[in-house]
Amino acid sequence: MRILVTLPLTLFGIVIAAVALAQPTMIDPADRKPGIVKILQGTTQCREPSKNDASCASEYWSMYVHDDVSRYMHVVSDNIRAGEVRHAMLWVDPDRATRGAYMNSWSRSGVLGSAFVMKKGETATVVSAEIAEEPRAIKDCELCPNLVVLPPGTFTFGAEQSEGKRWGMLDRMSANEGPQVEITIGRSFAIGQTEVTQSQFAAFVKDTGYKVKFGCFHLTSAGWSVQPKLNWEDPGFEVTDNHPVACVRRPDALAYIDWLSEVTGQAYRLPSEAEFEYAARGGATSETQATYWGENWDDACTYQNGADLAFVPNVPDIPYGQYAECDDGYVFTAPVGSFEPNAWGLFDMAGNVSEWTEDCYQDSHDNVPTDGTPFNKRQCRAWVAKGGSWAGFPGLLRPATRLRILATTVGTGFGFRVARSLSE
Ligand SMILES: [Ca+2]
Ligand SMILES: [Ca+2]
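When we follow our numbering, the leftmost residue of the sequence shown carries the number 410, and every step to the right adds one.
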């Protein structure tokens, strides 16, 4: 399957023109199929000068794909089908170097978003339309989480403290994000496309009779406190089957994962911290952008549920006095997949609920294994959770964010997603 497209693109607020492509169609998130695609040859070029000269974001782009197969690249799309690119997020790295181009074409609302890091006149080989590796999605049973298979790769784990500062983090909050470490994940692995949902966790409870203790740390107009009557089924606000399960402790998440492994015969586990961050970055490098949507705080509402204008009226004190000046529509958790995914088709990797990882918490990345396996200690007193939550200001909604969490920690801002090792 190949496509031939000429794609003049622009960004928010500017008209989209598409030639030789069908009109974009609204896509239900459940209908998105992640896939790694084979690159044919094409070019993308930044045609207009950028206002800040560092990026072509919000400027005019064209992309041309033609038939000569000159090389392969991994371009990731969350929906490529025969003859059409309907919702594609493309990441391009011609020399496997730091320069990249990242395109988020049609979103559900039909608005084009993009963030590029090429300068005027630069070109890069881009784009594709051929699915190179199948399957890219796994679902082991009806009520099992949808998984996305991620490719092996190398990435820079962690962030320099200047990144946190740029995003409003206090020094003491972001001091644990360094030093940056090059991590090479040598094998494909699968990770949940979304956080584990209420209905997925309910299937486990129903099958096993597992009891989750009552009591959950929650925010009301009186502030944060452990509220003894709350639990995963009633976290203090309305939830549907498709909301992330919260108010579970780390041992509850591990019990779910053990059960899932048993009923499917597959090796489910929590993601390591490095795997989670690799997945969250979705191919975007920390050198070019702190988050998978770029460097603008107020774009967060398109991609994440965090502390926003919907959240602000409901809290007595805004944590750290910071929030995104946009409305994501949710005060507390949102149904999983309500926001735009990252380039690998993964949802809510930086917001909604913070997520448990396999790693024992340490104050830096000093001793972390460089192969993507978890940092562990025989006697671990606290673990790492990744990403921010519905109460997280934009600085917390970054892949580099890491939180120190106890086994007893339980809150409406904490949940998890699964990972799965692959047998090949
Ligand atoms: Ca929100
Ligand atoms: Ca999350």
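Even glycine gets a Cβ: it sits at the ideal position worked out from N, Cα and C.
Looking at the structure shown, is residue i part of a helix, part of a strand, or coil, going by DSSP?
i	result
ILE727	coil
ARG813	strand
PHE598	strand
PHE564	strand
SER832	coil
PHE823	strand
MET472	Confidence at MET472 is low in this model, with a pLDDT of 31, below 50, so its placement is unreliable and the value that follows should be read with caution. Three-state result, MET472: strand.
CYS710	helix
THR649	coil
ASP768	strand
VAL793	strand
GLN636	strand
SER608	helix
PRO803	helix
ALA716	coil
GLY703	strand
PHE626	strand
ASP737	coil
THR434	Here the model assigns THR434 a pLDDT of 27, short of 50, so the residue's position is not dependable and the matter cannot be decided.
TYR732	coil
ARG787	coil
SER670	helix
ALA546	strand
LEU559	strand
GLU642	coil
THR818	coil
Taking 7 Å as the line, does the beta carbon of residue i fall inside it for any heavy atom of ligand 2?
i	result
VAL793	no
MET758	yes
GLY796	yes
VAL557	no
VAL657	no
GLU647	no
VAL840	As displayed, the chain neither begins before 410 nor continues past 833, which places residue 840 out of reach and without an answer.
Taking the alpha carbon of residue i as the reference point, which residue from the options has its own alpha carbon closest?
i	options	result
GLY674	ASP549, GLY587, SER798, PHE825	ASP549
ASN785	PHE823, GLN771, PHE741	GLN771
GLY567	ASP580, GLN589, ALA584	GLN589
SER830	GLY804, ASP768, TYR677	TYR677
ASN651	PHE756, GLY692, ILE666, ARG787	PHE756
TYR729	LEU718, ALA791, GLY801, ASP661	GLY801
GLU551	VAL614, PRO725, VAL672, GLU591	VAL672
PHE720	TRP799, THR810, PHE823	TRP799
TYR712	HIS774, PRO722, TYR739, LEU679	TYR739
ASP736	PHE564, ILE727, LEU718, ASP726	LEU718
VAL793	ALA809, ASN705, ALA546, ASP768	ASP768
SER352	GLN731, PHE613, GLU704, VAL724	No statement about residue 352 is possible, as the shown extent of the chain runs from 410 to 833 and does not include it.
ALA662	ALA683, ALA699, GLU764	GLU764
GLY618	ALA664, GLY573, ARG659	ALA664
TYR732	ASP616, GLY715, PHE741	GLY715
THR563	ALA655, ALA683, ASN640	ALA683
PHE825	PHE741, PRO660, GLU734, ALA709	PRO660
TRP668	GLY692, ALA612, SER832, ASP726	ALA612
VAL702	GLU569, GLY760, ASP616, TRP641	The sequence given here places Trp at residue 702; Val does not occur at that position. Closest option to TRP702, Cα to Cα, is GLY760.
GLN788	ILE666, PHE646, LEU815	LEU815
Measuring only from the beta carbon, is residue i closer than 7 Å to any heavy atom that is part of ligand 3?
i	result
VAL605	With respect to ligand 3, the structure shown offers nothing to examine, as its ligands consist of ligand 1 and ligand 2.
Inspect the CB distances between the stretch 676-694 and the stretch 751-766 and report whether three or more fall short of 8 Å. As far as the Cβ criterion goes, the stretch 676-694 touches the stretch 751-766, which means the pair count is three or higher.
Just the residues with CB closer than 6 Å to a heavy atom of ligand 1, in chain order, which are they? Qualifying residues come out as ASN714, GLY715, ASP717, ALA719, PHE720, ASP737, TYR739, TRP799.
Taking 8 Å as the cut-off, does the stretch 587-598 touch the stretch 767-782 (at least 3 CB pairs, one atom from each stretch)? Taking 8 Å as the limit for Cβ pairs, the verdict is that the stretch 587-598 does touch the stretch 767-782.
Would you say the stretch 624-631 touches the stretch 815-827, given that touching needs at least three Cβ pairs under 8 Å? Judged by Cβ distances under 8 Å, the stretch 624-631 makes contact with the stretch 815-827, as three or more pairs qualify.
I'd like to know if the stretch 733-747 and the stretch 596-610 are in contact, where contact means that at least 3 CB-CB pairs between them fall below 8 Å. Yes, the stretch 733-747 touches the stretch 596-610.
State whether the stretch 568-581 contacts the stretch 635-644, with contact taken as three or more CB pairs (one from each stretch) at a distance under 8 Å. A contact between stretches requires three or more CB pairs, one per stretch, nearer than 8 Å, and the stretch 568-581 fails this requirement with the stretch 635-644.
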